[in-house]
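*Asks:* If you use numbering that gives the first Met the number 0, the sequence shown corresponds to residues 0 to 99, in order.
For every residue, glycine included, the Cβ atom is placed at its ideal position computed from N, Cα and C.
The structure presented is a predicted model; accordingly, all values stated were derived computationally and were not measured.
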Amino acid sequence: MDKYKKNAKILKAFCDEQRLAILELLQEGEKCACELLDKLDISQSTLSHHMKILCDSGIVAGRKDGKWMHYSISESGAEHVKKLINEITMVNPNKPNRCS
Numbered sequence: 000m001d002k003y004k005k006n007a008k009i010l011k012a013f014c015d016e017q018r019l020a021i022l023e024l025l026q027e028g029e030k031c032a033c034e035l036l037d038k039l040d041i042s043q044s045t046l047s048h049h050m051k052i053l054c055d056s057g058i059v060a061g062r063k064d065g066k067w068m069h070y071s072i073s074e075s076g077a078e079h080v081k082k083l084i085n086e087i088t089m090v091n092p093n094k095p096n097r098c099s
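1. Report the option in Glu86, Lys63 and Pro92 whose CA atom is closest to the CA atom of Lys2.
2. How is Ile58 classed by DSSP in three states: helix, strand or coil?
3. Under a three-way DSSP split, which group does Met50 fall into?
4. Do you know how far the Cα of Gly57 is from the Cα of Ser73?
5. Does the beta-carbon distance from Ala12 to Ile52 come in below 7 angstroms?
6. What does DSSP give as the partner residues of Cys31 in its beta bridges?
7. Between Val90, Ala77 and Lys94, which has its C-alpha nearest Leu10's C-alpha?
8. Can the beta-carbon of Ser71 be found closer than 7 angstroms to that of Glu29?
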């Protein structure tokens, strides 16, 4: 996967109100999918969709315990996102301006 596709997948995880709400809930620590369902008032299939995007991005980690999934923010994934934002917003004053 080229770097732009990978970066777009990461940034996509932040581009939805429900996913932002899920991330906010996970700031408190690991949550069972059943807890997320109760707090978000969404269907199980909708939660699964959002969790797939969050997990595929590397921002959230999931682990199966019996019939339920438990989710938490991945520390390494969060660090990667911070570095990514810094990289793509860094201004390089030495790079020639092609419009001049």
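*Replies:* With the given structure in hand:
1. One-based indexing of the sequence shown puts residue 2 at position 3. Of Glu86, Lys63 and Pro92, the residue nearest in Cα terms is Glu86.
2. Working through the sequence shown from its first residue, we reach residue 58 at position 59. Coil, per DSSP.
3. The sequence position of residue 50 within the sequence shown is 51, counting from 1. Note: Met50 maps to helix in three-state DSSP.
4. If you number the sequence shown from 1, residue 73 lands on position 74. If you number the sequence shown from 1, residue 57 lands on position 58. Approximately 7 angstroms, taken between the alpha carbons.
5. As a first step, residue 12 is located in the sequence shown; it is residue number 13 there, counting from the start. As a first step, residue 52 is located in the sequence shown; it is residue number 53 there, counting from the start. A contact, by the Cβ cut-off of 7 angstroms.
6. By 1-based counting over the sequence shown, the position of residue 31 is 32. According to DSSP, which records beta bridges pairwise, Cys31 is partnered with His69.
7. To locate residue 10, count along the sequence shown from 1; it is residue 11. Here the closest residue by C-alpha is Ala77.
8. Here residue 71 is taken as the residue at index 72 of the sequence shown, counted from 1. Here residue 29 is taken as the residue at index 30 of the sequence shown, counted from 1. Cβ distance < 7 angstroms, so Ser71 and Glu29 count as in contact.
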